[in-house]
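Scroll down for the structure; my scribbles are underneath it.
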Amino acid sequence: MDFDVIVIGAGHAGCEAGLAAARTGKKTLMLATSLDTVAFCACNPSIGGTAKGQIVKDIDALGGEMGINADKSLFQLRMLNRGKGAAVYSPRAQVDKHRYHIEMKKTLESTENLFLRQGEAIDLRVIEGGYEVRTAVGLSYTAGAVIVASGVYLRSRIIVGDYTRNVGPNGFMAANEFSDALNRLGFSLRRFKTGTPARVSGKSLDFSKMEMQPGEMDMLPFSAMSEKVDADKARCYLTYSTAETKDIILGNKSRAPVFSGAINGVGPRYCPSIEDKVVRFSDKERHQIFLEPEDSESDEWYVQGVSSSMPADVQYEIYKSIVGLENVRIMRDAYAIEYDCIDPLALTPALMSKDYRGLFFAGQINGTSGYEEAAGQGLVAGINASLYLDGKPPMILRRDTSYIGVLIDDIVTKGTDEPYRMMTGRAEYRLLLRQDNADTRLTELGRSVGLVSDERYERFLRKKEEMKRLKKLLSVTVSPSRAEPFMTLCGESCPVNGISYANMLKRGNISIFDVAEYFEGFGEFGKAAMTEVETDIKYEGYLGDSLKEIERNAALENKLLPEDADYSEIKGLRLEARQKLNKIRPLSVGQASRISGVSPADVNTLIIWLAMRESRR
């Protein structure tokens, strides 16, 4: 074989996949249709956000690169959902999109075992011992494992009104032949759609009419490997659409491809175009819009919240109607993009094809949306490709371990009929899966699969020891004479027998940083350790309930189902359950219980069948 692993695609999924495979010792080839698309932020120039920030933290804890790269290229950092409790705090970075691309490309180029090559993959064939990938210029490469991370480039088509063109995002070259290769292997392809707003000239905007959105200077970096970062290098701005915006869209509804039938792909429910928002939410007179700089070298600004496939002349009228954009100059038109993707039900929780061992899929090819969702899948696929070649069991991330685990379990168990977007509401154990405790949850696992470096692991161990000492200090009871002035200052009463520092934190108005500022002995502890310990203490009761639920469910997750089970032969299963189980082929009874169409009675039948099967052995 020429290589151990071939990664097809160099977007956010491909980068993490290639780095994971190479860093775990595998000779890895990354193929990109254009090296200018490496880690390209085709849509929003940001990393993180609601639920997505947790994914970036998960990636970092496992030894991935996205958080490090975001810290290198950020304009600003903000914490979303501060008013909703620590369980859903979500960091978000506005990044310089061109620097993000350059920094990631430099990382790829300097990684041992990783070979970056421009070339369009047009065919994929099964050969003895692995796979052959053929490119458009006639070159062929072989490998024991292949990871398909082709993003939105398969037969991609951009749409602006009546204008269509078979190209990828931002006019980059599409990959028009690889879909046929997947068809020949038996994969059923679907058409999904997403879109992006216009880019406008900053010189044409009236920021005085908008609300400034600064970064938060006290934010921790995304990555545990990053030192303190400047979280407010550039400002973003909040503005709104108007009643005029609504009138323009409704008056031109017949020209909107999303309503005329010109767009065949299924779009994302949770990130609709401005025309879709106006029609679906007709009672709203205005919608939030954010202005965000694209990079530090140009005058282009991203208009978040106004993605559109309207004709260019209508787009211009829409943008002019937005507060502060009355004199707008559009530099790049908004567009919708259609592309091919597979049904993720064809994959195992390791992101490997059920029909082709050693063939993995990651990112938007799996029907997901978002850079972060893609990167998380790429990391898992890269790790599992390496483990597969070593003859080791795959790394399966459960729903109670990570947001990445929730994402993968959702798509391979339930499938998706629209571009899947991660949200905090999808994670039933979100209080355990916080952005502040990702390393506690995942770094040991990343170390066990060979991806967490010595330096990263040493930093983790230092934080772990720091948290241990901090918890011991917080257990100390403070006498009434020392505690009462502080408690009174915080608007809280002091028990007659005194109170421990930990119990102070359970009072709603008191933070660990208030305690550290007033009492001595806390100066040696870092912010990361203090934040995680504080949340653990404040939510101790709720965390205990979640852990008990996980323990109860573990019994189902540990009941493994045989790969060769014929569910049509199991008496007592309903017809729908038999069909769904034979199609999805869950790894465990726990996974089976989450399949739509599998009832509690069906689950009980599976448990009884497993027990009888074991007794006959």
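Going by my numbering, the sequence shown opens with residue 563, and the numbers climb by one from there. Glycine included, C-beta positions come from ideal geometry on N, C-alpha and C.
When Cβ pairs closer than 8 Å are counted between the two stretches, the segment 629-636 is seen not to touch the segment 875-892, the count staying below three. Looking only at Leu642, Asp905, Leu597, Thr586, the smallest Cα-Cα distance to Gln680 is reached by Leu597. Secondary structure note for Gly977: it is in no beta strand (DSSP E), with a DSSP letter that is neither H nor E. Counting only runs of 3+ residues, the beta strand (DSSP E) found wholly inside the segment 574-660 occupies 590-594, 608-610, 636-642, 652-657, in chain order.
Gln656 is classed as buried because its beta carbon has at least 16 other beta carbons within 10 Å across all chains shown. Put simply, of Ser702, Leu678, Gly940, Glu806 the residue whose alpha carbon is nearest the alpha carbon of Ala575 is Gly940.
Cβ neighbours of Gly1083 within its own chain (closer than 8 Å, five residues either side excluded): Leu1035.
Sorting Asp1164, Arg687, Gly757 by C-alpha distance to the C-alpha of Asn745 places Arg687 at the top. Between the beta-carbon of Pro776 and that of Asp794 there is about 5 Å, and that keeps the pair under the 8 Å contact cut. Measuring C-alpha to C-alpha distances from Arg1003 to each of Asp566, Gly625, Pro783, Ile1170 identifies Gly625 as the nearest.
DSSP places Tyr1080 inside the alpha helix (DSSP H), whose first and last residues are 1074-1080. Annotation for Pro855: the continuous beta strand (DSSP E) segment containing it runs 850-855.
Gln775 has Cys798 as its beta-bridge partners, per DSSP.
Going by C-alpha positions, Ser1177 is about 55 Å away from Cys603. A distance below 8 Å between beta-carbons, with the five flanking residues on each side excluded, links Gly1053 to the following residues of its chain, in chain order: Asn1071. The segment 772-787 makes no contact with the segment 823-832; the number of CB pairs closer than 8 Å stays below 3. Distance check between Leu1013 and each of Arg585, Asn732, Gly580 places Arg585 closest, using alpha-carbon atoms only. DSSP lists Glu900 as the bridge partner or partners of Lys755. In this structure, the CA atom of Val1160 is about 19 Å from the CA atom of Asp1126. DSSP places Val841 in the uninterrupted alpha helix (DSSP H) bounded by 836-842. Shown here, Ser860 sits in coil according to DSSP, grouped into three states, outside any helix or strand. Using a C-beta cut-off of 8 Å, the segment 601-615 makes contact with the segment 651-667, since at least three inter-stretch Cβ pairs fall below that distance. Put simply, of Ala1116, Asn1120, Val1151, Val841 the residue whose alpha carbon is nearest the alpha carbon of Tyr1129 is Val1151. Around the Cβ of Thr1050, a 10 Å sphere holds fewer than 16 other Cβ atoms; the residue is exposed. With fewer than 16 neighbouring CB atoms inside 10 Å of its own CB, Gln850 falls in the exposed class. With three or more CB-CB distances shorter than 8 Å, the segment 896-916 counts as touching the segment 942-952.
Contact check between the segment 926-940 and the segment 704-711: three or more CB pairs, one atom from each, fall below 8 Å, which counts as touching. Beyond the five residues adjoining it in sequence on each side, Pro873 comes within less than 6 Å, by CB distance, of Gly723, Arg817 in the same chain, given in chain order. In this structure, the beta-carbon distance from Arg761 to Tyr897 does not fall below 8 Å.
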